[in-house]
Ligand code: GLU
């Protein structure tokens with residue numbers, strides 16, 4: 439490949455909570471294409487700190503990605519093996535005086551959000567536990583109810599240029615850094631790992647666009663590298679909602695049970711991205727040469743799987 443291209447390592451960071459569906463496979467293919475077309479490495483990371491994660495899905499996901507024809511560099515890593523890194527970052531924020539404990543239940547947050555809360559995003563935490571009296575804190579501590587830990591933000595505005603969606607401006611809220619079960623939360627773990635895995639470009643579904651200002655802001659607080667971002671359109675079911683089981687044969691194995699081969703699925707995904715199919719080009723490895731992110735479809739891909 440041309441050496442004039444700037445190298446950009448990429449990654450794929452699924453949560454092993456189920457079999458990948460066609461939308462996940464298409465996003466993974468895009469992440470692979472962005473990285474490989476920029477001479478970058480492509481790393482795996484399993485974001486397996488959620489309760490619904492199961493080791494068996496790690497194998498099924500790796501297997502499906504390989505069947506589609508993608509490769510990756512290094513052994514996949516698992517967040518459950520890396521808790522110390524995240525807790526170090528959390529302690530750094532605590533030392534900077536940028537955290538507080540929160541005892542709100544989901545219901546309490548929902549109720550508080552029903553009141554108007556200014557310019558903050560829809561799902562922003564309204565700051566209920568930020569200014570608790572010492573008496574109230576003592577009461578909560580004595581109750582034995584476990585708190586989560588939140589960032590004490592100043593509702594900073596973060597403005598960045600996404601490679602797919604363009605300029606995006608978002609407000610940082612007091613989001614969760616550590617869940618009440620003690621596990622570090624997504625917005626913290628993702629930036630620590632992207633930094634440690636030396637990721638230059640994050641490619642993921644645009645359902646995560648609104649979390650990105652939080653992540654960029656945390657990078658600046660912790661002095662971590664800030665990757666570039668490309669948020670790509672999702673794949674939707676016929677009802678224009680996020681692809682789900684009710685939409686029919688949504689996984690690779692569902693499709694193979696209907697008689698399709700992995701190659702047919704790879705071609706279907708490539709066609710949906712306006713890219714040449716394997717027949718036209720002979721091998722998936724040649725596709726990155728043809729790949730120009732500015733030519734990608736900007737709208738979600740609506741699948742009708744029957
Ligand atoms: N684990 C997230 C997911 O499966 C992806 C996170 C990311 O790419 O930053 O949706």
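In my numbering, the protein residues as written are 439 to 744.
C-beta atoms are modelled at their ideal positions from N, C-alpha and C, and glycine is treated no differently.
Item to check | Paired residues, beta bridge with residue 715 - DSSP | outcome: DSSP lists no partner for residue 715.
Next on the checklist: Here's a check: name, in chain order, each residue in its chain whose Cβ is nearer than 8 angstroms to the Cβ of residue 457, leaving out the five neighbours to either side.
Outcome noted: 495, 498, 499, 502, 689, 690, 691
Next on the checklist: So for residue 495, helix, strand or coil by DSSP?
Outcome noted: helix
Next on the checklist: Can you tell me whether residue 478 is buried or exposed? The criterion is at least 16 other CB atoms within 10 Å of its CB, across all chains shown.
Outcome noted: buried
Next on the checklist: Please tell me whether residue 449 and residue 481 are closer than 8 angstroms, where the distance is taken between their beta carbons.
Outcome noted: yes
Checklist entry - residue 566 by DSSP, collapsed to three states: which one? => result coil
Checklist entry - At a cut of 8 angstroms, does the segment 520 to 527 reach the segment 580 to 590 through at least three beta carbon pairs? => result no
Next on the checklist: Give me the pocket residues for the ligand GLU, defined as CB within less than 5 angstroms of any heavy atom, sorted by chain position.
Outcome noted: 451, 452, 453, 485, 628, 642
Checklist entry - Contact between the segment 660 to 669 and the segment 622 to 635: three or more CB pairs below 8 angstroms? => result yes
Checklist entry - Buried or exposed: residue 640, going by 16 or more other Cβ atoms within 10 Å of its Cβ? => result buried
Next on the checklist: Suppose the cutoff is 7 angstroms on Cβ atoms and the five residues either side in sequence are ignored; what does the same chain contact list for residue 568 look like?
Outcome noted: 538, 590, 612
Checklist entry - Would you call the CB atoms of residue 517 and residue 597 closer than 8 angstroms? => result no
Checklist entry - At what residues does the beta strand (DSSP E) containing residue 525 begin and finish? => result Element bounds for residue 525: not the beta strand (DSSP E) but the alpha helix (DSSP H), 521 to 533.
Item to check | CA nearest to the CA of residue 552, picked from 542, 564, 543 | outcome: 564
Checklist entry - Applying the criterion that 16 or more other CB atoms from any shown protein chain within 10 Å of the CB defines a buried residue, is residue 620 buried or exposed? => result exposed
Next on the checklist: Using the three-state DSSP reduction, which class does residue 630 fall into: helix, strand or coil?
Outcome noted: helix
Item to check | Candidates 704, 699, 622, 684, of which the one nearest residue 489 by Cα | outcome: 622
Checklist entry - Any idea which residues DSSP pairs residue 540 with across the strands? => result 586
Item to check | residue 727, DSSP secondary structure in three states | outcome: helix
Item to check | Spatial neighbours of residue 595 in its chain, beta-carbon cut-off 7 angstroms, leaving aside the 5 residues before and after | outcome: 607, 609
Next on the checklist: Which residue marks the beginning of the alpha helix (DSSP H) containing residue 579, and which one marks its end?
Outcome noted: 572 to 581
Checklist entry - Does the beta carbon of residue 459 come closer than 8 angstroms to any beta carbon on chain B? => result Going by chain labels, chain B is absent from the structure shown, which holds only one protein chain.
Checklist entry - With burial defined as no fewer than 16 other Cβ atoms inside 10 Å of the residue's Cβ, what is the status of residue 667: buried or exposed? => result buried
Item to check | Backbone CA spacing between residue 685 and residue 561 [nearest angstrom] | outcome: 27 angstroms
Item to check | Residue from 602, 656, 541 with nearest C-alpha to residue 593 | outcome: 656
Checklist entry - DSSP state of residue 460, grouped into three classes? => result helix
Checklist entry - Taking the DSSP output, what are the residues bridged to residue 639? => result 666
Item to check | Proximity of residue 505 and residue 700 at Cβ, strictly below 8 angstroms | outcome: yes
Checklist entry - How is residue 736 classed by DSSP in three states: helix, strand or coil? => result coil
Checklist entry - Hey, out of 571, 566, 512, 570, whose CA is closest to residue 635's CA? => result 512
Checklist entry - For the putative contact between residue 741 and residue 570, defined by C-beta atoms under 8 angstroms, what is the C-beta separation to the nearest angstrom? => result The pair is not a contact, with the Cβ atoms about 48 angstroms apart (cut-off 8 angstroms).
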